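Below is one structure, written out as structure tokens; comments come after it.
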Amino acid sequence: MKPLAALRTLLPGLLLGLTVGRLGFADYNELHRMLLFRDGRLLLAFATAVGLTIVLFHIFRRKLNLAPVAFHKGTIPGAALFGVGWAVTGACPGVALIQLSQGIWLSLATLTGIFVGIALHARFNKKLGTPAGSC
Amino acid sequence: MINNYWPWWLGGGLLATVAIAFPLLAGAPLGVSGALAQLLRWWKEIPDGKNESPSRPTAGVPSGCTSTTATGLNRTANLLFLVGILIGGALAGRWGGQPWGTSGKLSPEFQRLFGNGIPVVLVLFGGGALVGFGTRWSGGCTSGHGLSGCGRLQPPSLIATGVFFGVAIAVSFLLEEFLS
């Protein structure tokens, strides 16, 4: 892989980690307060991000031809399980990584759990009816 | 509480930048849970270089998700994405993104709800397993469904995002009711 090609994913990853961290999205206090509607800052940030992304995808629609997201049996129950885990640990997959890189060593427990969960899903993938290679 | 977190407009603007820059640069939709899943399937993935310079996908040929990989990235690109997140998170931590000191523990609100003992490790492990299993079963997480999928107005992603946000809100109120 050429050095410049490496930046194609390294840079977006870096900006994602920096932004999520500096926004406070990886801070359980901030996330918990958002989910209790005690603080609108993160909700507003997320809504702004989605709104702007809609506009940007519209602008770049001719450059991008991404596969549609498929609806399947796991779309809703999977999201519900994720919601429980998110509220309890304060971590979505990206946040677990960011917490670790911020020196929150306890998030190793979360991250280990995430990998175990992913492995369990891979183990029962066929029975669960998730399309192969879905993202 | 005093912190110097970024304002909503700056964070929101930069998250949208990531959501559009990632597919433009990498040729696959953004998604951290998919990237972690691919990391776990490391040994099964296509060799490096096969997807070296992502060409613009042609009409009718779906990119990314339907390939044999979870994210449509080759494993080096996938690994670099995750390394980038770690570097960015570390920079954020250095630069005021972790106001609770370097105790290695989660924020005070978490400690108030779940305490400080050994069981906390089990809570985080169990919750993490739900996050890992749930995001893979659902086909996305906060980035894949929430940012990228919703940004592309994909109905499954809009539904999934509503569900995980709704459930997380309900669980947070239940935690306050029964644990605090």
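Those sequence lines, one after another, are chains L and H.
Using this note's numbering, you'd call the opening residue of the first sequence number 5 and step up by one each time.
Using this note's numbering, you'd call the opening residue of the second sequence number 796 and step up by one each time.
Glycine residues also receive a C-beta, built at the ideal position from the N, C-alpha and C atoms.
Nothing here was measured: the structure is a model prediction, and the numbers come from that model.
**Message:** Here's the rule: buried if 16 or more other CB atoms are within 10 angstroms of the residue's CB, otherwise exposed. What is L35(L)?
**Reply:** A residue is called buried once 16 or more other Cβ atoms fall within 10 Å of its Cβ, and L35(L) is buried on that count.
**Request:** Could you tell me how far apart the beta carbons of I122(L) and A832(H) are, in whole angstroms, since I believe they sit closer than 8 Å?
**Result:** The pair is a contact, with the Cβ atoms about 5 Å apart (cut-off 8 Å).
**Item:** Under 7 Å by beta carbon: chain L residues contacting S933(H)
**Value:** Residues of chain L with a Cβ closer than 7 Å to the Cβ of S933(H) are, in chain order, G78, T79, G82, A83 and F86.
**Asked** Can the beta-carbon of G923(H) be found closer than 8 Å to that of A126(L)?
**Response** Between G923(H) and A126(L), the CB-CB gap reaches or exceeds 8 Å.
**Asked** What does I913(H) touch in chain L if you count any residue whose Cβ is under 7 Å from its own?
**Response** By Cβ distance, chain L contributes nothing, its closest Cβ being about 10 Å from I913(H), past 7 Å.
**Prompt:** Secondary structure at L70(L), three-state DSSP: helix, strand or coil?
**Reply:** In the structure shown, L70(L) falls within a strand segment according to DSSP collapsed to helix, strand and coil.
**Request:** Can you tell me which of the three DSSP states C936(H) falls into?
**Result:** Three-state result, C936(H): coil.
**Item:** K131(L), enclosing alpha helix (DSSP H) - first and last residue
**Value:** N129 to L132 is the span of the alpha helix (DSSP H), which, as asked, contains K131(L).
**Request:** Would you check if the distance between the CB atom of S933(H) and the CB atom of G117(L) is smaller than 8 Å?
**Result:** Taking 8 Å as the Cβ cut-off, S933(H) and G117(L) do not qualify as a contacting pair.
**Prompt:** Can you list, in chain order, the residues of its chain whose CB lies under 7 Å from that of A930(H), leaving out five sequence neighbours each side?
**Reply:** What sits at residue 930(H) in the sequence shown is Thr, not Ala. Cβ within range, chain order: S828 and C936.
**Request:** Check distances from the C-beta atoms of the region 51-68 of chain L to those of chain H and list, in chain order, the residues that come in under 7 Å.
**Result:** Within the region 51-68 of chain L, the qualifying residues are T52, A53, V54, L56, T57, I58, L60, F61, F64, K67 and L68.
**Boundaries of the alpha helix (DSSP H) in which G867(H) is found, first to last residue** = Where G867(H) is concerned, there is no enclosing alpha helix (DSSP H), given that its DSSP letter is neither H nor E.
**Prompt:** Excluding sequence positions up to five away, which residues of its chain have a Cβ less than 8 Å from the Cβ of P776(H)?
**Reply:** Past the edges of chain H, shown from 796 to 975, lies residue 776(H), and the structure says nothing about it.
**Request:** Would you mind giving the Cβ-Cβ distance between G21(L) and A887(H), rounded to the nearest angstrom? I have them listed as a contact below 8 Å.
**Result:** With 8 Å as the limit, G21(L) and A887(H) qualify as a contact, their Cβ atoms being about 7 Å apart.
**Coarse secondary structure for I108(L), derived from DSSP in three states** = Taken through DSSP and simplified to helix, strand or coil, I108(L) comes out as coil.
**Prompt:** When Cβ atoms are compared, which residues of the region 817-828 of chain H fall closer than 9 Å to chain L?
**Reply:** Here the close residues are F817, P818, L819, L820, A821, G822, A823, P824, L825, G826, V827 and S828.
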